[in-house]
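**Student:** My questions all concern the structure below.
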Amino acid sequence: MRFLALVVCGILGLGAEPSAFDLQSGATKEELSSLKSSNKNLSNVLASLKGQATSLAQNQEGLRSLFEGQGNKIKQLADALATHDNALKAIKATQDMQENLLKQQGGLIEALKAQIDANKNAITQLDQKINDMNAVLTKMNTDFAAKLEEIQGAIQTQANDNAEKLKNLARLQAKMLEKAQETSQNKSEEADFNKDLSRKPKIFQEALSLYRQKHFKQAQARFVWLGDNDFKSAYSYYMAGEAAYAQKNYKEAIVLYKKSALIKEKAEYMPVLLWHTAWSFRFLGNQNTYLKFLHSLSSLYPDSEQGKKALPLLGKSHPKDNNADKTSRPH
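The following block contains the structure:
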């Protein structure tokens, strides 16, 4: 720009009007004409230079704008590069983490391989054991089949024998049932009697007769009815107890003896009542009560036949005597 200013100044100086001094110097018209032509050329050059200067200024402004645009692009590229760099760092961190995971998974895979190998060995051993067991089972099945055939033969033989025995048993049961039904019918008929309150004395005599004939069940039914209907109740219950005792129905005998004793404590048959009551408890397995009744009998009726029998039993009685022979009954 400084060079351009100097050129312009020089041109302006050359294009000025000639002074009087210049004319006095003896310059010719041709020289003046030549100078004017030079001035014109210089003016054209100046105009061209001005145009070029303007164009250069415009180009310079365009270049400045271009440089600014390129600077912005370079900044954007730098920012993008920074973003890409951060992304690459994140990818690198992810890769490192994945690498660590792969290492861990590799360790797990190795452990799984070892476990699989151990399982394979265990399966091989199990297969061997299964094969051994199959061999044993095959032998057992063979032996069992033979044994089963033998057992089936024996069972069939036994079944045939049992079938024959069952037939015989069925025939025997039929006969026994028929006989039992006849006996039950007879007993029912004997136990059933005319319970007419006006016939109490006669029924009492029937009961005594039945007892002497050892028809104890029929006698017991009549004595109980008489006791319940206040006919010689103490003695009737006592005789009913005696009938039950004779049938070995010891629980019934005890109940009937108790009813009799509660009605009349000083009866002449009381020693026998206490004696049979004691033995009823013994036959039922109640040793302590048995001893208590023997003691009462020996204390209350020491001179009676039963009291004299009770005394030695008290001396030798022991808890182990609970297993007394129940097949025989004292009278």
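Its first residue numbered 20, the sequence shown is counted upward by one per residue in our numbering.
All C-beta atoms, glycine included, are put in the ideal place defined by N, C-alpha and C.
Entirely within the region 194-279 and at least 4 residues each: give me those alpha helix (DSSP H) ranges in chain order.
**Tutor:** 219-231, 235-247, 252-265
**Student:** Buried or exposed: which applies to L229, given that a residue is buried once 16 or more other Cβ atoms fall within 10 Å of its Cβ?
**Tutor:** buried
**Student:** In whole angstroms, what separates the C-alpha of I174 from that of K184?
**Tutor:** The straight-line gap from Cα to Cα measures roughly 15 angstroms.
**Student:** Please state the DSSP three-state secondary structure of Y309.
**Tutor:** Shown here, Y309 sits in a helix according to DSSP, grouped into three states.
**Student:** Leaving aside the five residues before and after S299 along the sequence, list all residues of the same chain whose C-beta is less than 7 angstroms from its C-beta, in chain order.
**Tutor:** Y264, Y269, A272, I273
**Student:** Where in the region 131-196 do unbroken runs of the beta strand (DSSP E), each at least 3 residues long, occur, reported from the N-terminal end onward?
**Tutor:** You should have found no qualifying run.
**Student:** Would you call H103 buried or exposed, if buried means 16 or more other Cβ atoms sit within 10 Å of its Cβ?
**Tutor:** exposed
**Student:** Distance check for M289 and A238, CA to CA, integer angstroms please.
**Tutor:** Counting only the Cα atoms, M289 lies some 20 angstroms from A238.
**Student:** Do you know whose CA, among W244, Q232, E287, K194, lies nearest N213's CA?
**Tutor:** W244
**Student:** Just confirm the distance between the C-beta atoms of G246 and A259, as a whole number of angstroms; I'd bet it's less than 8 angstroms.
**Tutor:** 6 angstroms
**Student:** Can you check whether the CB of I282 is closer than 8 angstroms to the CB of A253?
**Tutor:** yes
**Student:** What first and last residue would you give for the alpha helix (DSSP H) that runs through L292?
**Tutor:** From DSSP, the alpha helix (DSSP H) with L292 extends over 289-302.
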